[in-house]
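Quick notes on the structure that follows.
Number of protein chains: 2
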Amino acid sequence: MVRLSKRVEYGLIAIRHIATRTRGDVVTAKEIADCYRIPYELLAKVLQKLSRSGLITSQQGMRGGYTLAKNPTEVSVSMIIGAIEGTNMGIARCMTDGPDSCEVFKVCTIKSPLSKVQANIEDAFNNMTLAQIV
Amino acid sequence: MVRLSKRVEYGLIAIRHIATRTRGDVVTAKEIADCYRIPYELLAKVLQKLSRSGLITSQQGMRGGYTLAKNPTEVSVSMIIGAIEGTNMGIARCMTDGPDSCEVFKVCTIKSPLSKVQANIEDAFNNMTLAQIV
DNA sequence: GTAAATAGGACTCATAAGGTCGGAGTTACA
DNA sequence: TGTAACTCCGACCTTATGAGTCCTATTTAC
Numbered sequence: 000m001v002r003l004s005k006r007v008e009y010g011l012i013a014i015r016h017i018a019t020r021t022r023g024d025v026v027t028a029k030e031i032a033d034c035y036r037i038p039y040e041l042l043a044k045v046l047q048k049l050s051r052s053g054l055i056t057s058q059q060g061m062r063g064g065y066t067l068a069k070n071p072t073e074v075s076v077s078m079i080i081g082a083i084e085g086t087n088m089g090i091a092r093c094m095t096d097g098p099d100s101c102e103v104f105k106v107c108t109i110k111s112p113l114s115k116v117q118a119n120i121e122d123a124f125n126n127m128t129l130a131q132i133v
Numbered sequence: 000m001v002r003l004s005k006r007v008e009y010g011l012i013a014i015r016h017i018a019t020r021t022r023g024d025v026v027t028a029k030e031i032a033d034c035y036r037i038p039y040e041l042l043a044k045v046l047q048k049l050s051r052s053g054l055i056t057s058q059q060g061m062r063g064g065y066t067l068a069k070n071p072t073e074v075s076v077s078m079i080i081g082a083i084e085g086t087n088m089g090i091a092r093c094m095t096d097g098p099d100s101c102e103v104f105k106v107c108t109i110k111s112p113l114s115k116v117q118a119n120i121e122d123a124f125n126n127m128t129l130a131q132i133v
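Protein sequences appear in the order of chains A and B.
Numbering that gives the first Met the number 0 applies: residue 0 is where the first sequence begins, and numbers increase by one.
Numbering that gives the first Met the number 0 applies: residue 0 is where the second sequence begins, and numbers increase by one.
Right, here's the structure in full:
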């Protein structure tokens, strides 16, 4: 199945929500969770990952929350996916984990055509910025 | 994670292998399994699905096997994926299972941009025919 | 000090993927 | 006509991954 994980979906919704705020205005995880009916704990984890990757900045303590760390035009969807998944995406394992990860790599006859599709998808996610989906 | 399943990978490798044979020459599942070091039983399942979908024809009994049922130019990669997965692929659940399958569909803010990526991927798989990967 | 927020590890549960097994049906050929 | 060599088909098991929960620590405004 070729499908984005819930974490990525939640992350995209969340960071888009944060991006709609004016700079300096913080957004709490609870606010986002309530707004979109997303499980709070799961969302919190996703936000932590985005924060650690430097896409958003977190502020702890009372009246804390999250703000966007970069200009929306500088944040691509693939950066968001990469931050959440930890790895770059690939439609076949050998494309992300290297040739050794696939038992049939040497005799595989489809990696060449599939890598074209892969590049196609990567382009789509690379060229789509946060600014475009706000 | 956005990734093709092993079943789809095996199916693509197998049907490509079958397509390299001249018409009328049958290929057994065992031959393919040996050739690419693919688990035989799993491959057999995949071939059955391709057969039921009419992409290949099966011939039972001794000296039986599989042959291509259509012209390679008439078989797209998305047809192969559809035959094996049973459903069309979609990077989000709501795109394959309908709006009701997603709890946040109504308030979801990313379905519009994602559907563009979806269309992009679909095009890539639709336009890639078996003839091109042989 | 306390309330409100993030940080993060540990855990359970559900689902899907990968793989296995056994038996039934079909056909060529001795 | 019997048997070997095949495919067909459904049920099953195992493992990996994703989704979601729980609990505690840490930080900070008031």
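Beta carbons are placed, not taken as given, at the ideal position from N, Cα and C, and that holds for glycine.
- Look at the stretch 31-65 of chain A: the residues with a C-beta under 8 Å from a C-beta of chain B are Cys34, Tyr35, Arg36 and Ile37.
- Taking the C-beta atoms as reference points, Gly81 (chain B) is found no nearer than 7 Å to Ala68 (chain B).
- Ranked by Cα distance from Leu46 (chain A), the options A:Thr128, A:Cys34, A:Ile17 and A:Asp33 are led by A:Ile17.
- Contact check for Ser75 (chain B) against Thr128 (chain B) passes: the beta carbons are separated by less than 7 Å.
- In terms of beta-carbon proximity, Thr21 (chain B) stays away from the interface with chain A, with every pair separated by 7 Å or more.
- By the criterion of at least three beta-carbon pairs nearer than 8 Å, the stretch 0-14 of chain A is in contact with the stretch 0-7 of chain B.
- With a threshold of 7 Å between beta carbons, Val106 (chain A) makes contact with chain B.
- Burial check for Met61 (chain A): the Cβ neighbour count within 10 Å stays below 16, so the residue is exposed.
- Nearest to Asp33 (chain A) by C-alpha distance, out of B:Ile55, B:Cys107 and B:Pro112, is B:Cys107.
- Residue contact check for Pro112 (chain B) against chain A: a CB pair falls below 7 Å.
- Distance check between Lys48 (chain B) and each of B:Arg92, B:Asp96, B:Asn70 and B:Ile83 places B:Ile83 closest, using alpha-carbon atoms only.
- For Ile37 (chain A), there is no enclosing beta strand (DSSP E), as DSSP gives it neither H nor E.
- Bridge pairing for Tyr65 (chain A): A:Val26 and A:Ser57 [DSSP].
- Two segments are said to touch when three or more pairs of C-beta atoms, one from each, lie closer than 8 Å; by this definition the stretch 96-111 of chain B does not touch the stretch 26-43 of chain B.
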